[in-house]
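Those letters in the sequence shown? Residues 26 to 343, per my numbering, in order.
We put the beta carbon where it would ideally sit given N, CA and C, even for glycine.
Just so we're clear, the structure is a prediction, and the values are computed from it rather than from any experiment.
Take a look at the structure below.
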Amino acid sequence: MSNWRPSASFDTLRLRARLLAQTRAFFQARDVWEVETPLLSQAATPDPHIHSFVVSTPAGAKARYLHSSPEFPMKRLLAAGSGSIYQICKVFREGEAGRRHNPEFSLLEWYRTGFDHHALMDEVDMLVRELVGGRLLLTDTQFFSYQEALKRFAGLDPLNADIDALQDCARRYNVYVPALGDDRDAWLDLLMSHVVEPALPRDCPVFIYDYPASQAALARIRGGLAERFELYINGMELANGFHELADADEQRRRFEAENQRRTQAGLPVMPLDERLLAALAQGLPDCAGVALGLDRLLMLITGQADIAAVLFFDSERA
């Protein structure tokens, strides 16, 4: 076979090793300790946009899923009293392949007790700047609320626009997709990915925060807005963070609503993580958490357009 060699150059892979060492030093200096949680789980995320790998099990045995994020077991550690923690691990998402996606990729996820999403944005900014160092010149970080970003770069108020206004905006930018129907969040996602992201300022970290409540995911809602954020550099999403929801009943409602959307989309229903829900019921400390894609960050630093160029072996060589 001709593709037995690594996907990336050894210079890139050595740089990858240095970035991992820098990351560990960053958290050690802040008394955030490294943890390891299982890759295999009896539960999976019900998020209809994420497809988990199912691992073959003996007949009659419970299915096992490769995790798409270490979030659920890390929150169990937080509820048990761990304090601030981080993890560097492989995560798995079926069907995600492309220039910026590999079905198996590296994620840095961390949780800071006593932080809200604004404090965590500042720490994410510090880490990214430290890892980038002099390898990429970054100007001052910019922050936009979700509402500000859509107003500035798409000419639309996302919190007050109706479906017709969203569709008209999509037509104006030639990204209209009739199949989206009256799914308001789907139209907002389309405008964000095809209109806003390409127009974001270049050569600087850009944080977008305070999303619509309908896009809260695992974040708290305050004042009708979800306390979450995303980080972009040069139009590429690098991180997704939350001021973490601690209400077990609300979390169960959100999980069940996501499974209902899976059913409507013809997707299999995912088993809920009852251990996570029990941990939340016991009490999650006030905290904020974030997941940062290490492969994408390395793509940014090295100027690579394809994720395979920063991996030891991409999925085609695995």
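**Report entry** Terminal residues of the alpha helix (DSSP H) in which P73 lies
**Finding:** Careful: P73 lies outside any alpha helix (DSSP H) and carries neither H nor E.
Query - D207 beta carbon near the ligand MN (any heavy atom closer than 7 Å) - result: Absence of the ligand MN from the depicted structure is noted, as is the absence of any ligand whatsoever, leaving it without description.
Query - Reduced DSSP category for W135 - H, G, I as helix; E, B as strand; rest coil - result: In the structure shown, W135 sits in a strand (DSSP, three-state: E or B).
Query - For A273, the nearest candidate out of E252, Q53, Q47, P310 (CA to CA) - result: Taking only the C-alpha atoms, the option nearest A273 is P310.
Report task. Quick one: grab the DSSP three-state call for W58. Result -> Strand.
Report task. Please report the residue range of the alpha helix (DSSP H) in which Y171 lies. Result -> Run containing Y171: 171-179, per the alpha helix (DSSP H) assignment.
Query - G106 versus E119, L145, R137, I258, residue with shortest Cα-Cα distance - result: The option with the nearest alpha carbon to G106 is R137.
**Report entry** Buried versus exposed, by CB contacts within 10 Å (16 or more), M146
**Finding:** M146 should be labelled buried.
Query raised in the report: If you draw a straight line from the C-alpha of G318 to the C-alpha of D331, how long is it?
Result: About 14 Å.
Query raised in the report: Is the distance from the Cβ of C114 to the Cβ of L163 below 8 Å?
Result: Judged by beta-carbon spacing, L163 lies beyond the 8 Å limit of C114, meaning their Cβ atoms are not closer than that value.
Query raised in the report: Going by the beta-carbon positions, is the gap between Q167 and V116 smaller than 8 Å?
Result: Against a cut-off of 8 Å, the Cβ pair of V116 and Q167 comes out as no contact.
Query raised in the report: Whose C-alpha, out of M295, A42, E61, is nearest the C-alpha of D320?
Result: Closest by alpha carbon: A42.
Query raised in the report: For R253, which of G260, G266, E262 has the nearest alpha-carbon?
Result: The shortest C-alpha separation from R253 is found at G266.
Query raised in the report: Does DSSP put C194 in a helix, a strand or coil?
Result: In the structure shown, C194 adopts helical secondary structure according to DSSP, grouped into three states.
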